[in-house]
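Here's the structure we're looking at; comments come further down.
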Amino acid sequence: MNQPRLQAPPLTPARPQAHQRHWLGGGATLCLALWLAGCASPPASPSQPSQPSQGAEVPYNSLRNDVALVALSLLDAPYAWGGRGPATGFDCSGLVAHVFREGGGIQLKGTSAELGRQSRPIARHLLLPGDLVFFNTLGRRHSHVGVYVGDGRFVHASNPRTGVRIDVLSNRYYAQRFEGAHRLLD
106 MNQPRLQAPP LTPARPQAHQ RHWLGGGATL CLALWLAGCA SPPASPSQPS QPSQGAEVPY
166 NSLRNDVALV ALSLLDAPYA WGGRGPATGF DCSGLVAHVF REGGGIQLKG TSAELGRQSR
226 PIARHLLLPG DLVFFNTLGR RHSHVGVYVG DGRFVHASNP RTGVRIDVLS NRYYAQRFEG
286 AHRLLD
């Protein structure tokens, strides 16, 4: 089976950002190892594919990859209700806003429910890195959001105990609460 070749986006001084200093250390190696580890996992079931048309090569998109890599670089950051940055910690919508600002230069504001209204719904099988995934975790629509990073995985600010982490959409807890996939990036 031919796996799509993953390419890391170049780090250029043309767009200096705080998160790039982190990449100069071992963070890039860790994130790439996590990304590549996802390639070794079994494919999603045919009834719920995680990529467009199983086996099809997903074209490289530097903006989407930048957003996904920034999300991955924040793994293990602390959770803080209302938090919007690495210094204070993140809640789920604060993480999404930070990731899109740092990875794509896109300003987002609002709660997870408001992000759901700002983005457009897409079919789950069309998910690409940088898309948003929404869940009902508090008994109300779009009460939780994460950034899809590929291979059925998403990064989110989970809770005060675990902080920012990566999970899979097939995880029983999240699968039962999944409300939809949304897109902000073209």
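Residue numbers (the numbering used here): 106 to 291.
C-beta: ideal position from N, C-alpha, C; glycine also.
Using a threshold of 8 Å, state whether the C-beta atoms of residue i and residue j are closer than that.
i: ARG282; j: ILE227; result: no
i: GLY255; j: VAL273; result: no
i: VAL201; j: LEU220; result: yes
i: VAL269; j: LEU180; result: yes
i: ALA262; j: ASP196; result: yes
Among residues of its own chain, excluding the 5 on either side of residue i, which ones have a beta-carbon nearer than 7 Å to its beta-carbon?
i: THR193; result: ALA185
i: TYR278; result: none
Which first and last residues belong to the beta strand (DSSP E) in which residue i is found?
i: LEU237; result: 237-240
i: ASP272; result: 269-273
Using a Cβ-Cβ cut-off of 8 Å (strictly less than) and excluding sequence neighbours within five positions of residue i, which residues of its own chain qualify?
i: LEU168; result: GLY208, GLY209, GLY235, LEU290
i: GLY187; result: ASP196, GLY199
i: ALA280; result: LEU274
i: THR267; result: TYR184
With a CB to CB cut of under 6 Å and the five nearest residues on each side skipped, what residues in its chain are close to residue i?
i: LEU216; result: It should be noted that the sequence gives Thr, not Leu, for residue 216. SER198, listed in sequence order.
i: LEU237; result: SER224, VAL250, HIS287
Rounded to whole angstroms, what's the CA-CA distance from residue i to residue j? Just pull it up for me.
i: ALA176; j: VAL260; result: 6 Å
i: PHE240; j: SER248; result: 6 Å
i: ARG222; j: GLY285; result: 12 Å
i: ILE211; j: ARG189; result: 14 Å
i: SER275; j: ASN264; result: 19 Å
i: LEU232; j: ALA182; result: 25 Å
i: ASN166; j: LEU174; result: 12 Å
i: LEU243; j: ARG229; result: 22 Å
i: PRO191; j: SER178; result: 11 Å
i: ALA218; j: ARG206; result: 19 Å
What does residue i pair with, by DSSP beta-bridge criteria?
i: ARG288; result: ARG225
i: TYR278; result: Looking at the DSSP assignment, TYR278 forms no beta bridge with any residue, so it has no partner.
i: VAL254; result: DSSP output for VAL254 lists no bridge partner at all.
i: ARG189; result: PHE195
i: HIS261; result: ARG270
Need the endpoints of the alpha helix (DSSP H) that residue i sits in, please.
i: ARG169; result: 167-178
i: HIS203; result: 197-209
Strictly under 8 Å for the Cβ-Cβ distance: is residue i near chain C by that measure?
i: GLN212; result: The structure shown contains no chain C, having only a single protein chain.
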